[in-house]
Amino acid sequence: MQSEFDLTPYVKKGQNTLRVRVLKWCAESYLENQDFFRFNGIFRDVYLLSRPTGHIKDFFIHTENNMVRVDMEGNAHVSLFDGETLLASRYGEKTVTFTVENPILWNAEQPYLYTLVLEYQGEIIRKKFGFRTIGISPQYELLINGVPVKLKGVNHHDTHPLNGWCMTKEDILYDLQQMKKLHINTIRTSHYPPSPVMLELCDALGFYVILEADLETHGFVCRTNPSPGYDVANEQYLWPCQDPAWKDAFVERMIRAVERDKNAPSIIMWSTGNESGHGQNQVEMIRWARQRDPSRLIHCEDACRRGGEHMKQSDVYSRMYPSLSVLQEFVDNPDISMPIFLCEYSHAMGNGPGDVCDYWEILYRYPKCAGGCIWEWTDHTVIQDEVKKYGGDFPQELTHDYNFCSDGLTFSDRSFKAGSLEAKAAYQPLYTQWDGKTLLVTNRYDFTNLHAYTLNWFLEVDGIKTQSGQTVLSVAPRQTQSLPLSLDLPDTCLHGCFLTITLQDPSGYEVAKCQHTLSVRRRCAKGKGEKAILTEDAFSIYAKGEYFSYRFSKLYGNFDSLVIHGEEHLISPIKLTSYRAPTDNDGRQMAAKWSNTRSRTAENLNHTFGKTYTCEIRDGDIYVSGSLAGVSRMPYFRYNMNMEIFENGEVNYTLDGIVREDCPWLPRLGFEMRLPVTMNHFTYFGYGPTETYADLHRHALAGLYTSTAEQEFVPYIYPQEHGNHWGTCYLSIGTGLGFKGNIPFECNVSRYTTDMLEQSKHTNECIPENAVILRVDYKQSGIGSHSCGPILEEKYRLMEKEIHFEVTLFIPSKS
Numbered sequence: 001m002q003s004e005f006d007l008t009p010y011v012k013k014g015q016n017t018l019r020v021r022v023l024k025w026c027a028e029s030y031l032e033n034q035d036f037f038r039f040n041g042i043f044r045d046v047y048l049l050s051r052p053t054g055h056i057k058d059f060f061i062h063t064e065n066n067m068v069r070v071d072m073e074g075n076a077h078v079s080l081f082d083g084e085t086l087l088a089s090r091y092g093e094k095t096v097t098f099t100v101e102n103p104i105l106w107n108a109e110q111p112y113l114y115t116l117v118l119e120y121q122g123e124i125i126r127k128k129f130g131f132r133t134i135g136i137s138p139q140y141e142l143l144i145n146g147v148p149v150k151l152k153g154v155n156h157h158d159t160h161p162l163n164g165w166c167m168t169k170e171d172i173l174y175d176l177q178q179m180k181k182l183h184i185n186t187i188r189t190s191h192y193p194p195s196p197v198m199l200e201l202c203d204a205l206g207f208y209v210i211l212e213a214d215l216e217t218h219g220f221v222c223r224t225n226p227s228p229g230y231d232v233a234n235e236q237y238l239w240p241c242q243d244p245a246w247k248d249a250f251v252e253r254m255i256r257a258v259e260r261d262k263n264a265p266s267i268i269m270w271s272t273g274n275e276s277g278h279g280q281n282q283v284e285m286i287r288w289a290r291q292r293d294p295s296r297l298i299h300c301e302d303a304c305r306r307g308g309e310h311m312k313q314s315d316v317y318s319r320m321y322p323s324l325s326v327l328q329e330f331v332d333n334p335d336i337s338m339p340i341f342l343c344e345y346s347h348a349m350g351n352g353p354g355d356v357c358d359y360w361e362i363l364y365r366y367p368k369c370a371g372g373c374i375w376e377w378t379d380h381t382v383i384q385d386e387v388k389k390y391g392g393d394f395p396q397e398l399t400h401d402y403n404f405c406s407d408g409l410t411f412s413d414r415s416f417k418a419g420s421l422e423a424k425a426a427y428q429p430l431y432t433q434w435d436g437k438t439l440l441v442t443n444r445y446d447f448t449n450l451h452a453y454t455l456n457w458f459l460e461v462d463g464i465k466t467q468s469g470q471t472v473l474s475v476a477p478r479q480t481q482s483l484p485l486s487l488d489l490p491d492t493c494l495h496g497c498f499l500t501i502t503l504q505d506p507s508g509y510e511v512a513k514c515q516h517t518l519s520v521r522r523r524c525a526k527g528k529g530e531k532a533i534l535t536e537d538a539f540s541i542y543a544k545g546e547y548f549s550y551r552f553s554k555l556y557g558n559f560d561s562l563v564i565h566g567e568e569h570l571i572s573p574i575k576l577t578s579y580r581a582p583t584d585n586d587g588r589q590m591a592a593k594w595s596n597t598r599s600r601t602a603e604n605l606n607h608t609f610g611k612t613y614t615c616e617i618r619d620g621d622i623y624v625s626g627s628l629a630g631v632s633r634m635p636y637f638r639y640n641m642n643m644e645i646f647e648n649g650e651v652n653y654t655l656d657g658i659v660r661e662d663c664p665w666l667p668r669l670g671f672e673m674r675l676p677v678t679m680n681h682f683t684y685f686g687y688g689p690t691e692t693y694a695d696l697h698r699h700a701l702a703g704l705y706t707s708t709a710e711q712e713f714v715p716y717i718y719p720q721e722h723g724n725h726w727g728t729c730y731l732s733i734g735t736g737l738g739f740k741g742n743i744p745f746e747c748n749v750s751r752y753t754t755d756m757l758e759q760s761k762h763t764n765e766c767i768p769e770n771a772v773i774l775r776v777d778y779k780q781s782g783i784g785s786h787s788c789g790p791i792l793e794e795k796y797r798l799m800e801k802e803i804h805f806e807v808t809l810f811i812p813s814k815s
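Reading the sequence shown from the start, the letters are residues 1 to 815 in the working numbering.
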């Protein structure tokens, strides 16, 4: 917040020198324990202001129906403008009122603003404001201007990779413009009031703001000895929230937030702060805020978390990081008689979040669900020597959160990642349903009709558009309209048949997209024909054809040479693996179960050894039995595998296996191989073009895509698993190798080994291999948001105990 000093007694005519001493620590530092880089100094605007005697000290704009009342500390000539048009003007002492006929109301989709001009003794103050109301319906819907709205939000910290906490107007504007592209309409100013510039821009561009007081004391968790864990029962005894000595400091933070920003129409809630417990001091903050500004709602997650009578202190039931099942319990709980708001959810650290669309299936379904704010907007990094650094990279840090603050929906330069686009898909204003004849189009805007948008539809067969159309529908907000379509469907298809819908705004920007899988029979992808003749010696089994020569290692239980069109396509044997470089969401719990070699119970999947028990030719096919085990551990996977090899070079892999009953769910399972670096180009039919996973693919479309191993690299601040493609049924890599399946598989093409990604702490430490690493997986577990949120949902875990996987290796040019 601002600090003001009256320098009148100290300045003189002519040149003056102003020196400022900024204290790094004070008693109130205990109230500012937010998770971020611990910068210090002056990081917002500094200016000198000369004002006339008797100047206007403050003013408060109130709107109700078609009335405007301006309460002033002082007297002024006040003018009201609608754009450049003067509506009214008069002189007033302390209070001025105006009537506006049929005022245009402000909302985040249509942020219409009027202008007040206050003049006194040559000083002119301009302030834009809006007419809008905030309320709660009998069904506990959050209302703006009497209309139910959904808050599609994000938490926003002030952070810049070069300037730290200092953000220019251009920086803030770019943040907001990027948010608009993702359909974000709500910002929680975590966890302090933002620069006034940001609120002016939110008023003008259209955002709902939960403005938070500068209060966070969760560092007091450390006082709960001997257990350092958080204990809600100790809040009122051990935290400042209940200590009368801290009351004035608490209340002052609410006073300063409200008094500075009370005229911003974008602010719909005052928030008492974050993770500070709930005690009498918050009660006093709320009492003051309600008395000073009864027009806005109060947000207090700490009161809701404490429960019981404390919940009544908050106007919305705010919680952070509930699982989907717990969120459903909130909805079903009759004692929660207020809008449900997730002030933090879908923790966006690293690769992810993977669950945002699942949350919104619930949030859209129930009127009392107001929405939520993803944690958080952008990665906190500091660029030094061209390296993006995080907590712990600087020796002068007293405390830090390691890479925990590199947890943004966008990279630190505000560029998008797959998680950003997944949020866009969850927040998009278009929802469609297809019944085989009619497309049902639902407008999920709260105030905007779709008549200014163009709806395009495409029939795509095996990635090729065979039929298309374009129309404009006048669909009112929150309403549904039907669009009959007559599709010329083929009898069969090879990869898939899809109905794809896109929505474009007048500028041509793609606002939304949806896709429906159509019921068209797929032709069999398995190899067939005459089988190749197999020969063997003590160490290998051989198969040769006109275009290929394969060698199968009896020791490794898989191919160690694939010569196609005279060129070797393998650098090392194909192997069965199940590990991935832990994501930030894996690291909280599952990485320790998968790969912590210091734990007796970890499976050591990062050091997996394959053992071949039998390898033989049987009925013209190759049969293998084997197992996978982490170093010094019992096997976690035992399997039988059959390979049919045909004269055209196709190989039908059939893998059947059993996962040990007490083994934790696996990160992935599939074939991994190293290919020559020249095989870096590939084409696939699956969900793309971004990386996709079981729970992170709604933003993507099924289609035919081309890419390179280099283009697949995603520069997460902390290196981790990336680049997967879910729902793949066809892959062609290089000039002569491919994989296809009747049941979709997953694939990953990279220049980086799992070990390289896991051992590297920063992106610049990742050294590409002089090879291409290809993974063809039965399945991979989803991403989730467990870095701070709930554990991955069971439906996205690879937790099957019986595995059946079929995939066909083929020569694309001869298939």
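In this text, a Cβ means the ideal position worked out from N, Cα and C, and glycines have one as well.
Remember, it's a predicted structure, so these values are computed and weren't measured experimentally.
Around Asn449, the same chain offers Asn443, Ser474, Val475, Ala476 and Pro477 as residues with beta carbons nearer than 8 angstroms, after the five sequence neighbours per side are excluded. Gly463 sits close to Leu704, with the two beta carbons spaced by under 7 angstroms.
Note that the C-beta distance between Phe404 and Asp379 is not below 7 angstroms. Contact between the stretch 262–273 and the stretch 96–104 is not established, with fewer than three Cβ pairs separated by less than 8 angstroms.
Counting along the chain, Thr754 sits inside the alpha helix (DSSP H) bounded by residues Thr754 to Gln759. For Phe250, the enclosing alpha helix (DSSP H) starts and ends at Lys247 to Asp261. Residue range Pro196 to Leu205 is occupied by the alpha helix (DSSP H) that includes Cys202.
In the three-state reduction of the DSSP assignment, Leu327 falls in the helix class. Rounded to the nearest angstrom, the gap between the Cα atoms of Ile362 and Gln328 is 7 angstroms. The three-state secondary structure of Pro339, taken from DSSP, is coil. The beta carbon of Arg292 sits closer than 7 angstroms to the beta carbons of Val258 from its chain, once the five residues preceding and following it are set aside; these are given in chain order. Residue pairing for Gln280: DSSP places it in no beta bridge. Looking from the CA of Phe250, the closest CA among Thr708, Arg287 and Thr159 belongs to Arg287.
Contiguous beta strand (DSSP E) elements confined to the stretch 149–176 occur at 151–155, taking only those with 3 or more residues.
In the DSSP assignment, Ala512 forms a beta bridge with Leu503. Exclusion of the five residues before and after Ser190 leaves Asn155, His156, His157, Glu212, Asn274 and Glu376 as the residues of its chain whose Cβ lies within less than 7 angstroms of its Cβ.
Looking at the backbone, the Cα of His278 and that of Gln515 are separated by about 46 angstroms. Per DSSP, the beta bridge partners of Tyr639 are Gly626 and Gly657. Taking Gly508 as reference, the option from Gly741, Asp355 and Lys181 with the minimal CA-CA separation is Lys181. When the five nearest sequence neighbours on each side are left out, the beta carbons in the same chain lying within less than 7 angstroms of the beta carbon of Lys152 are those of His183, Ile184, Asn185, Thr186, Gly371 and Tyr427, in order along the chain. For the pair Gly557 and Val624, the CB atoms are nearer than the 7 angstroms cut-off. By alpha-carbon distance to Arg44, the top candidate from Glu28, Pro193, Leu7 and Asp175 is Pro193. Of the candidates Ala88, Ile783 and Tyr684, Tyr684 places its Cα closest to the Cα of Val776. Judged by DSSP secondary structure, Arg306 falls within the alpha helix (DSSP H) whose first and last residues are Glu301 to Arg306. Here Val651 is buried: its Cβ has 16 or more other Cβ atoms, across all protein chains shown, within 10 Å.
Taking C-beta atoms under 8 angstroms as the contact rule, Val209 and Ile172 fail to qualify, at a distance of about 13 angstroms. As the crow flies, the alpha-carbon of Tyr542 is around 51 angstroms from that of Lys424. The shortest C-alpha to C-alpha distance from Leu342 to any of Met349, Ser323, Leu18 and Glu284 is the one to Ser323.
Taking the C-beta atoms as reference points, Leu503 is found nearer than 7 angstroms to Leu455. In the displayed model, Lys528 falls within coil according to three-state DSSP, outside both helix and strand. Residue pairing by DSSP places Phe60 opposite Asp71 in a beta bridge. Annotated three-state conformation of Gly392 is coil, per DSSP. If you compare the alpha carbons of Ser3, Leu774, Gln720 and Tyr636 with that of Met756, the shortest gap goes to Gln720. In the three-state reduction of the DSSP assignment, Arg522 falls in the strand class, which pools E and B. Residues of the same chain with a CB within less than 8 angstroms of the CB of Phe539, apart from the 5 flanking positions on each side, are Ser553, Lys554 and Leu555 in chain order. Membership of Asp584 in the alpha helix (DSSP H) is indicated by the continuous run Asp584 to Gly587.
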